[in-house]
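Undergrad: Residue 1 is where the sequence shown starts when you use the UniProt record's numbering, and the numbers rise one by one after that.
Yeah, the Cβ is synthetic: ideal placement off N, Cα and C, and Gly gets one too.
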Amino acid sequence: MSDGFNRKRRILVCCGTGCLANNSMNVLSEIKKEIDKAGADVSVETVVKSTGCNGLCEKGPVVKIEPDDISYFRVKVEDAGEIVEKTILKGEVIDRLLYFDFSLKKRVKTHKESEFYRRQMKLALRNIGEIDPVSIEDYIERGGYRALKKALFEMKRSDIIPEVIKSGLRGRGGAGFPTGIKWKQCDSVKAFPKYVICNGDEGDPGAFMDRSIMEGDPHSIIEGMIIAAYAVGAEEGFAYIRDEYSLAIKNMSKAMEEARKCGYLGENILGSGFSFDIQIVRGGGAFVCGESTALMASIEGKIGEPRAKYIHSTEKGLWGQPTILNNVETWVNIPLIIDKGGEWYSTVGTERSKGTKVFSLVGKVKNTGLVEVPMGTTLRELIFDIGGGIIGNKKFKAVQIGGPSGGCIPEELLDLEVDFESLKKADSMMGSGGVIVMDERTCMVDVARYYLGFLSEESCGKCVPCREGIKRMLEILNDICEGRGEREDIDRLIEISEMVSEASLCGLGKSSPNPVITTIKYFKDEYLEHIVNKRCSAGVCKNLTEFIIDENRCTGCDVCRRNCPGGAISGELKKSHSINQLRCIKCGNCMDVCRFNAIKVGQGVAL
Numbered sequence: 001m002s003d004g005f006n007r008k009r010r011i012l013v014c015c016g017t018g019c020l021a022n023n024s025m026n027v028l029s030e031i032k033k034e035i036d037k038a039g040a041d042v043s044v045e046t047v048v049k050s051t052g053c054n055g056l057c058e059k060g061p062v063v064k065i066e067p068d069d070i071s072y073f074r075v076k077v078e079d080a081g082e083i084v085e086k087t088i089l090k091g092e093v094i095d096r097l098l099y100f101d102f103s104l105k106k107r108v109k110t111h112k113e114s115e116f117y118r119r120q121m122k123l124a125l126r127n128i129g130e131i132d133p134v135s136i137e138d139y140i141e142r143g144g145y146r147a148l149k150k151a152l153f154e155m156k157r158s159d160i161i162p163e164v165i166k167s168g169l170r171g172r173g174g175a176g177f178p179t180g181i182k183w184k185q186c187d188s189v190k191a192f193p194k195y196v197i198c199n200g201d202e203g204d205p206g207a208f209m210d211r212s213i214m215e216g217d218p219h220s221i222i223e224g225m226i227i228a229a230y231a232v233g234a235e236e237g238f239a240y241i242r243d244e245y246s247l248a249i250k251n252m253s254k255a256m257e258e259a260r261k262c263g264y265l266g267e268n269i270l271g272s273g274f275s276f277d278i279q280i281v282r283g284g285g286a287f288v289c290g291e292s293t294a295l296m297a298s299i300e301g302k303i304g305e306p307r308a309k310y311i312h313s314t315e316k317g318l319w320g321q322p323t324i325l326n327n328v329e330t331w332v333n334i335p336l337i338i339d340k341g342g343e344w345y346s347t348v349g350t351e352r353s354k355g356t357k358v359f360s361l362v363g364k365v366k367n368t369g370l371v372e373v374p375m376g377t378t379l380r381e382l383i384f385d386i387g388g389g390i391i392g393n394k395k396f397k398a399v400q401i402g403g404p405s406g407g408c409i410p411e412e413l414l415d416l417e418v419d420f421e422s423l424k425k426a427d428s429m430m431g432s433g434g435v436i437v438m439d440e441r442t443c444m445v446d447v448a449r450y451y452l453g454f455l456s457e458e459s460c461g462k463c464v465p466c467r468e469g470i471k472r473m474l475e476i477l478n479d480i481c482e483g484r485g486e487r488e489d490i491d492r493l494i495e496i497s498e499m500v501s502e503a504s505l506c507g508l509g510k511s512s513p514n515p516v517i518t519t520i521k522y523f524k525d526e527y528l529e530h531i532v533n534k535r536c537s538a539g540v541c542k543n544l545t546e547f548i549i550d551e552n553r554c555t556g557c558d559v560c561r562r563n564c565p566g567g568a569i570s571g572e573l574k575k576s577h578s579i580n581q582l583r584c585i586k587c588g589n590c591m592d593v594c595r596f597n598a599i600k601v602g603q604g605v606a607l
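1) Measuring alpha carbon to alpha carbon, tell me which of 238, 254 and 481 ends up nearest residue 535.
2) Can you round the beta-carbon distance between residue 61 and residue 9 to whole angstroms, since I take them to be within the 8 Å contact cut?
3) Considering only residues of the same chain and omitting the five flanking positions on each side of residue 193, which have a CB-CB separation below 8 Å?
4) Can you tell me where the alpha helix (DSSP H) holding residue 185 begins and where it ends?
5) Under DSSP, the alpha helix (DSSP H) around residue 13 begins and ends at which residues?
6) Can you tell which of 310, 293 and 314 has the C-alpha that lies nearest to the C-alpha of residue 304?
7) Tell me, please, which residues DSSP counts as bridged to residue 398.
8) Quick one: what's got a C-beta closer than 8 Å to residue 35's C-beta in the same chain, skipping five residues either side?
9) If you draw a straight line from the alpha carbon of residue 422 to that of residue 509, how long is it in whole angstroms?
10) Does the stretch 395-412 come within contact of the stretch 512-523, defined as at least 3 CB pairs closer than 8 Å?
11) Identify every run of the beta strand (DSSP E) within the stretch 149-232, keeping only runs that are complete inside it and at least 3 residues long; order them along the chain.
12) With 16 other CB atoms within 10 Å as the buried threshold, where does residue 377 fall?
13) So, using beta-carbon positions, are residue 16 and residue 212 closer together than 8 Å?
14) Nearest CA to the CA of residue 429: which residue from 513, 468 and 370?
15) Evaluate residue 183 with the Cβ neighbour count: other Cβ atoms within 10 Å of its Cβ, from every protein chain shown; 16 or more gives buried, anything less gives exposed.
16) Using a Cβ-Cβ distance under 8 Å, would residue 33 count as near chain B?
17) Counting along the chain, where does the beta strand (DSSP E) carrying residue 326 start and finish?
18) Shortest alpha-carbon distance to residue 288 belongs to which of 404, 490 and 245?
19) Sorted by chain position, which residues of the same chain lie with C-beta nearer than 7 Å to residue 476's C-beta, five sequence neighbours on each side aside?
20) Which residue wins for smallest C-alpha separation from residue 338, given the options 125, 144 and 57?
21) Between which two residues does the alpha helix (DSSP H) holding residue 304 run?
22) Buried or exposed for residue 565, please, with buried defined as at least 16 other CB atoms from any protein chain shown within 10 angstroms of its CB.
23) Select from 370, 548 and 107 the residue whose C-alpha is nearest the C-alpha of residue 579.
24) How about residue 139 and residue 131: are their beta carbons less than 8 Å apart?
25) Can you round the beta-carbon distance between residue 115 and residue 98 to whole angstroms, since I take them to be within the 8 Å contact cut?
26) At which residues does the beta strand (DSSP E) containing residue 47 begin and terminate?
27) Counting along the chain, where does the beta strand (DSSP E) carrying residue 608 start and finish?
28) Look at the alpha carbon of residue 203 and the alpha carbon of residue 242, and state the distance between them as a whole number of angstroms.
29) With residue 277 as the anchor, note down where its beta strand (DSSP E) starts and where it stops.
30) From the DSSP secondary-structure annotation, give me the bridge partner or partners of residue 101.
31) Look up residue 378 in the DSSP assignment and say whether it is helix, strand or coil.
32) For the putative contact between residue 431 and residue 174, defined by C-beta atoms under 8 Å, what is the C-beta separation to the nearest angstrom?
33) Any idea what DSSP makes of residue 1, helix, strand or coil?
34) For residue 65, name the three-state secondary structure that DSSP assigns.
35) For residue 517, which of 24, 200 and 406 has the nearest alpha-carbon?
36) Just list the alpha helix (DSSP H) runs in the stretch 490-546, keeping only unbroken ones of 4 residues or longer that don't cross its boundaries, in chain order.
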């Protein structure tokens, strides 16, 4: 098995969700066909595998060829024959399929040379894109289940939790509670049975970190859960996975089957006398089920509503028994910590935020995808060095980090280090790791409205502050965006935000005002512009927007007219154009496509 893995040429085709959407499964099938056509010698010496997400989702499908260390991007089905003929048979590199790095201003042979990958540190994502996610042989070849064997046969059970504490690992689901301390609390409770839960109910808009890990490296999650179960004496575990994540459920299920067949999961694991098994529970379809106590209620078959946490889940959790619950990214770090040691892990990151963090980098950024960086990396590095900057080289405006309960961070804080403490000081939070980049065409009042709309729909309604407070804030934001805002609305929003934050039952309610608080704190001028001037300078709020063409800048290139869905723009080639306001549907296409900055938002709209 080892010889085959290391010596054969490997063609790795990304079949994560992003690449699947771009037809990567057919690319995989076509490459396999072309390899078979090339003859027995080639097919015996070449292995074609599907892998999880490679990270640079915007450039998929991705095909990597090893040991040649060649990476091809945006590969199409019709490219398969050329890849086999030129690269596999002749050793030639196909330049047009290489990644063009705008920072380096050249094409790079391997993805490892690009700024996007070179600046990352892959610990949690160490196997994704390198192995077939459902192949236990591939996982073992890369050191998989080595940590489990070490825990079972080379360590005392009592040594495991201190090692996790020493690592400084904090929960990656958002709250950042020290993982080892949580385990210690559960271990100290002498009540049985105990349970171990993986939270894979990732519901934040724009987030796909946990999804990619479950799809691309399910065995790491399983191994981490087994180690935790052994440490606290649990015999049963649950992987709670968002119902929409069909590929994650499929790959996790297959990985568990393989682990049972090979003796890593189930009765008498590896002959150690320790037994532990995991079953998958499909999510209840509600954002609030990502909250720990609501998640446990859902597993129990109840309505997914949170409860007050004056009693910790480590004491009374699932079915009233001691329970450890961590999210996907936390679990995949455990095998690494046990294998290499907590002290080694603690050398990465900052003083109080150890290790790395996985982010989904999306929005108005050139390089969208899955990113893993050491804690303490600045937002500027994340967005401009790894992300490549803003699409169309437009002006950066803000970044939303931490999901709908996170905050919007402005340009003046771009050098903020991304760790638990720094983000909290900026009235934001780490959250699960969604990073949404916004440019000058983003209206910050509308952003706050969008997230409050999402949270209003997803509130379970159990407590009045969350249920009614979010709804009232949303009504005020709707009024402001539609031109009915008053100066007093800003003070009302702040007052309600404080109440909701203080009095809500669970984390969803307590953190829900963050988008409002941060947009008022950093972009108060936009609120005043909407309220006083009845104008949305970003051109997003339709009632407050009137697009006009600056005749001194307009070159008559006709691009705006050809891209106007309402047919509101008229004009001759090489002559200044104009907009018929009665026909304009306020979509902003003209402003987005204009290369000469000739489309402007008017100075105010009379209501």
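TA: Here's the rundown:
1) Just measuring C-alpha positions, the residue of 238, 254 and 481 sitting nearest residue 535 is 481.
2) With a beta-carbon spacing of about 19 Å, residue 61 and residue 9 fall beyond the 8 Å limit used to define contacts.
3) The beta carbon of residue 193 lies closer than 8 Å to those of 234, 235, 236 and 321 in the same chain, with the five residues before and after it left out.
4) That run of the alpha helix (DSSP H) goes 179-188.
5) For residue 13, no alpha helix (DSSP H) encloses it; the enclosing beta strand (DSSP E) starts and ends at 9-14.
6) Closest option to residue 304, judged by alpha-carbon separation, among 310, 293 and 314: 293.
7) Looking at the DSSP assignment, residue 398 forms a beta bridge with 410 and 438.
8) 11, 42, 43, 46, 48, 84 and 88.
9) So the two alpha carbons sit approximately 22 Å from each other.
10) The stretch 395-412 vs the stretch 512-523: in contact.
11) Taking only runs of at least 3 residues, the beta strand (DSSP E) segments lying wholly in the stretch 149-232 are 195-200.
12) Classification for residue 377: buried.
13) For residue 16 and residue 212, yes; Cβs fall inside 8 Å.
14) Its Cα nearest to that of residue 429, the residue 513 stands out among 513, 468 and 370.
15) With 16 or more Cβ atoms within 10 Å of its Cβ, residue 183 is classed as buried.
16) Reference to chain B is not applicable here, since this structure consists of a single protein chain.
17) That run of the beta strand (DSSP E) goes 323-327.
18) If we check each option's Cα against that of residue 288, 404 comes out closest.
19) Sequence-distant Cβ neighbours of residue 476 in its own chain, meaning closer than 7 Å and more than five residues away, are 489, 492 and 493.
20) The shortest CA-to-CA distance from residue 338 to any of 125, 144 and 57 is the one to 144.
21) Looking at the DSSP string, residue 304 is not in any alpha helix (DSSP H), and its letter there is neither H nor E.
22) Exposed, by the Cβ-count rule.
23) The shortest Cα separation from residue 579 among 370, 548 and 107 belongs to 548.
24) Cβ atoms of residue 139 and residue 131: closer than 8 Å.
25) At roughly 15 Å, the Cβ-Cβ gap does not stay under 8 Å, so residue 115 and residue 98 are not in contact.
26) According to the DSSP assignment, residue 47 belongs to the beta strand (DSSP E) that extends over 46-51.
27) Residue 608 lies beyond the stretch modelled for the chain, which goes from 1 to 607, so this question has no answer here.
28) C-alpha separation (whole angstroms): 8 Å.
29) In the DSSP assignment, residue 277 falls within the unbroken beta strand (DSSP E) covering 277-282.
30) Bridge partners of residue 101: 106.
31) In this structure, residue 378 counts as strand in the three-state DSSP scheme.
32) Right, their Cβ atoms sit about 5 Å apart.
33) Residue placement at residue 1 is poorly supported in this model, since its pLDDT is 36, which falls under 50; the coordinates are not used for a value here.
34) Three-state result, residue 65: strand.
35) The candidate whose alpha carbon is nearest that of residue 517 is 406.
36) Listed in chain order, the complete alpha helix (DSSP H) runs (minimum 4 residues) inside the stretch 490-546 are 507-511, 514-522 and 524-528.
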